[in-house]
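Beneath this line is the structure, given in structure tokens, with notes to follow.
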């Protein structure tokens, strides 16, 4: 069998589980959970340095950017200008061109503002960024994003941090079927089985943060997600059996006593 | 003497120092941060040459945990 390689904007990744680095108790727990998840790409946020506390630990001291591929994210940005500013700064920190764009439209639902998202994607692609785009599960917008040069489409399963799992499997299936760039389920994954379902449907990867960080035992949950994503992917590659409304015996009828 | 705004806080500098010197003062490693001076990103090669003036607005950012 051909080796199953996950590639995003020409970068080869070993794991199809991408993990967020937010919401952990401390950097030690972040690092331990990420190690346990087997992920080689992690999302990070860009924020002001706390200049009053010179001894404050820095994420990079716990998660070596040479070992883990940092995916700068624009979480918390509500318009195109804020998102562009954030990602240009992220690139300046260390030359990151692979970025995750997330332009939110509403503080309550954290749903993406697709108009601003499309606008930002166009500009970022022009500036040479490889953009992974958080979006609604709308096939039309997903297609639009692909057409303007997004490196991956990242539809939400359900609202960010909700843990509700995939709410619209039909739309996600349509998006997977029509897309030539990787489709990665971004927000809303709550359990390892949610991740398995996404992978069985044919998603190229899943991005998980809250479901791991907010678990009672984040390090164990990270491992559970690692296994869930591998299971789902292998299940997808193996091809599921046909469904039937009636029963079919597993043992032969011939020779029945 | 220069009064600058650094990450939203007013700071008095005894003399006009460069960005490199400012980073040293706050014990920041230039490989882990990015800087905006009056809303414009300053590339790392220019930290040495860029001298901060009165009323400058400086933003220093880095990566933190996020989803």
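Protein chains in written order, with this note's numbering: chain A, 91 to 347; chain B, 12 to 78.
The C-beta atom is built at its ideal place from N, Cα and C for all residues, glycine as well.
Residue range of the unbroken alpha helix (DSSP H) whose run includes residue i
i	result
residue 35 of chain B	30–36
residue 118 of chain A	117–127
residue 181 of chain A	170–184
residue 207 of chain A	204–216
residue 149 of chain A	149–152
residue 66 of chain A	Because chain A spans 91 through 347 in this model, residue 66 of chain A falls outside it and cannot be assessed.
Anticipated Cβ contact below 8 Å, residue i with residue j, distance rounded
i	j	result
residue 297 of chain A	residue 266 of chain A	In fact, because the Cβ distance is near 15 Å, the residues do not count as touching under 8 Å.
residue 139 of chain A	residue 71 of chain B	5 Å
residue 130 of chain A	residue 161 of chain A	Wrong, their Cβ atoms sit about 11 Å apart, outside the cutoff.
residue 292 of chain A	residue 246 of chain A	In fact, because the Cβ distance is near 17 Å, the residues do not count as touching under 8 Å.
residue 133 of chain A	residue 111 of chain A	6 Å
residue 114 of chain A	residue 249 of chain A	Actually they are not in contact, since the Cβ atoms of residue 114 of chain A and residue 249 of chain A sit about 21 Å apart, beyond 8 Å.
residue 322 of chain A	residue 281 of chain A	With 8 Å as the limit, residue 322 of chain A and residue 281 of chain A do not qualify as a contact, their Cβ atoms being about 12 Å apart.
residue 38 of chain B	residue 144 of chain A	5 Å
residue 59 of chain B	residue 31 of chain B	5 Å
residue 174 of chain A	residue 208 of chain A	That pair is no contact at about 13 Å.
residue 74 of chain B	residue 288 of chain A	So it is not a contact: roughly 27 Å between Cβ atoms.
residue 177 of chain A	residue 214 of chain A	6 Å
residue 68 of chain A	residue 313 of chain A	As shown, chain A starts at 91 and ends at 347. That puts residue 68 of chain A outside it, with no answer to give.
residue 273 of chain A	residue 238 of chain A	Their Cβ separation, rounded to whole angstroms, is 16 Å, which puts residue 273 of chain A and residue 238 of chain A out of contact at 8 Å.
residue 320 of chain A	residue 109 of chain A	At roughly 14 Å, the Cβ-Cβ gap does not stay under 8 Å, so residue 320 of chain A and residue 109 of chain A are not in contact.
residue 290 of chain A	residue 325 of chain A	5 Å
residue 283 of chain A	residue 318 of chain A	7 Å
residue 141 of chain A	residue 17 of chain B	6 Å
Residue(s) in a DSSP beta bridge with residue i
i	result
residue 22 of chain B	B/15
residue 192 of chain A	Looking at the DSSP assignment, residue 192 of chain A forms no beta bridge with any residue, so it has no partner.
residue 163 of chain A	A/135, A/190
residue 45 of chain B	B/72
residue 62 of chain B	B/29
residue 274 of chain A	A/295
residue 93 of chain A	Partner(s): none; residue 93 of chain A has no beta bridge.
residue 57 of chain B	Looking at the DSSP assignment, residue 57 of chain B forms no beta bridge with any residue, so it has no partner.
residue 157 of chain A	DSSP output for residue 157 of chain A lists no bridge partner at all.
residue 145 of chain A	Paired residues: none, contrary to the question.
residue 197 of chain A	DSSP, once it has assigned bridges, lists no residue as partnering residue 197 of chain A.
residue 220 of chain A	A/188
Boundaries (first-last residue) of the beta strand (DSSP E) holding residue i
i	result
residue 73 of chain B	68–76
residue 331 of chain A	Residue 331 of chain A -> no beta strand (DSSP E), and no H or E assigned at all.
residue 107 of chain A	107–110
residue 97 of chain A	96–98
residue 103 of chain A	101–103
residue 53 of chain B	51–53
Buried versus exposed, by CB contacts within 10 Å (16 or more), residue i
i	result
residue 154 of chain A	exposed
residue 44 of chain B	buried
residue 329 of chain A	exposed
residue 203 of chain A	buried
residue 76 of chain B	buried
residue 42 of chain B	exposed
residue 14 of chain B	exposed
residue 54 of chain B	exposed
residue 316 of chain A	buried
residue 147 of chain A	exposed
residue 347 of chain A	exposed
residue 342 of chain A	exposed
residue 339 of chain A	exposed
residue 344 of chain A	exposed
residue 224 of chain A	buried
residue 311 of chain A	buried
residue 241 of chain A	buried
residue 227 of chain A	buried
residue 19 of chain B	exposed
residue 150 of chain A	buried
residue 12 of chain B	exposed
residue 191 of chain A	buried
residue 218 of chain A	exposed
residue 102 of chain B	The structure shown does not extend to residue 102 of chain B, since chain B is modelled only from 12 to 78, so the question has no answer here.
residue 334 of chain A	exposed
residue 158 of chain A	buried
residue 21 of chain B	exposed
residue 107 of chain A	buried
residue 185 of chain A	exposed
heavy atom of the ligand COA below 7 Å from residue i C-beta
i	result
residue 256 of chain A	In the structure on display, the ligand COA does not appear, and there are no ligands present to speak of.
Ignoring anything shorter than 3 residues or poking outside the segment 288–335 of chain A, list the beta strand (DSSP E) runs there in chain order. Segments of the beta strand (DSSP E) lying fully in the segment 288–335 of chain A: 295–298.
In chain order, what are the residue ranges of uninterrupted alpha helix (DSSP H) at least 4 long that sit wholly in the segment 222–249 of chain A? 229–237
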